[in-house]
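In the numbering used here, the protein residues as written are 61 to 506.
Report on the structure given below.
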């Protein structure tokens, strides 16, 4: 099978046996990360703020614990980045906007404090698009600087794909974890809605999630489970299900093949690679359900045509409060694009918003019924490689479904388009995150 992860990926999980054997240390691992950061940051521009000395203190403490055989967690000492919409007490939380660049929270977000409790070495805040929207920041692709890294978790993807960090937190309300992870040749995970506590995150909409981008599936799982174990899920939600150890690969029995809206834009060679992967799954005994042969799949493919527009309307209405207050207090600092978004979204009104919520609820019920007796959906994360230029963050039509549906999704760097990464996407039923990791591990091994 094709393989196209970033050649620079730096796994922390892969180094932990060396820590135990005394052949490497978290402090040395961190110093290599810092050296890489200093070499590439002038080009990739992945970071909004850095906390190097605090990270060194954390790595030194972790080094001692690993040496004594008592690490706090599998991510004890792991260098990690935090998307700059998530609060940290020691660095500003700028939200990618001039209106917030001086904001400094008096606390850590729930996920950040959980990482500190697990011993992680928080290196810095990674750049985001303006208010985690579709409007790009200046971060560049780590493999080809003329291209976008995607967004809105732009800096997190560039830092992981560029070999600076083994993992970084992102947030997703449309495709802001999965798309940049796929573009940058990394693994990405968007959990079931509510599975990771969002307290202290400014990306708060009704389908937003804390997610992660990582150098491996194990790095991803250790990061998100480390948070869930200590901070739980959103209030009123049961949190992430699973155990501390990364789920072992397991062959799925049945997968739904979903061809997303605008599938005709997928380059012929990418489609050929996707079909080859499906053939490998089928040859291994996986039953594949397609829209051509299954009425339920065909109906869902039709329903998926409207999911991006529906999500944009929902998110626009739910973003009115932070944007309006930003405009009121700093009208000149807010870009014209955001003023235009306020005007457009204000026209919806309460009744229009309620109608959108009802449509989403119906789509979620349709989806859960479809995937109930399967291991989930297999599709592409993006139709093609990251676009050339920095004027936009790429196509989100293939990633919005998991967000709208509140479902877990993983992108695996397995395909390529002209030598650049393209991700394979897996989507599961709600709260079946652990099972989705098992499927992803098996497919990654094909």
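Think of the CB as a built atom: it goes at the ideal place given N, C-alpha and C, for glycine as much as any other residue.
- Put simply, of 477, 451, 498, 444 the residue whose alpha carbon is nearest the alpha carbon of residue 468 is 498.
- Within 10 angstroms of the beta-carbon of residue 365 lie fewer than 16 other beta-carbons, which makes it exposed.
- Unbroken alpha helix (DSSP H) runs of no fewer than 4 residues, entirely contained in the segment 113 to 172, are not found.
- Taking the CA atoms as reference points, residue 363 sits about 20 Å from residue 252.
- With fewer than 16 other Cβ atoms inside 10 Å of its own Cβ, residue 389 counts as exposed.
- Your pair residue 273 and residue 246 checks out as a contact, with CB atoms roughly 5 Å apart and the cut at 8 Å.
- Boundaries of the beta strand (DSSP E) around residue 485: 480 to 487.
- Residue 405 has its alpha-carbon roughly 43 Å from the corresponding atom of residue 137.
- Closest by C-alpha distance to residue 476, out of 488, 443, 313, is 443.
- Judged by DSSP in its simplified three-state form, residue 244 adopts coil rather than helix or strand.
- With fewer than three CB-CB distances shorter than 8 Å, the segment 149 to 161 does not count as touching the segment 228 to 248.
- Burial state of residue 504 is buried, judged by a 10 Å Cβ sphere holding 16 or more other Cβ atoms.
- When DSSP reads this structure, residue 378 sits in no beta bridge, so it has no partner.
- Residue 182 is bridged by DSSP to 140.
- Collapsing the DSSP output to three states places residue 95 in a helix.
- Look at the beta carbons and you see the segment 485 to 501 not touching the segment 91 to 109: under three pairs across the two are nearer than 8 Å.
- Three or more pairs of CB atoms, one per stretch, sit closer than 8 Å, so the segment 164 to 182 contacts the segment 260 to 277.
- With contacts defined by Cβ atoms closer than 8 Å, residue 231 and residue 108 do not form a contacting pair.
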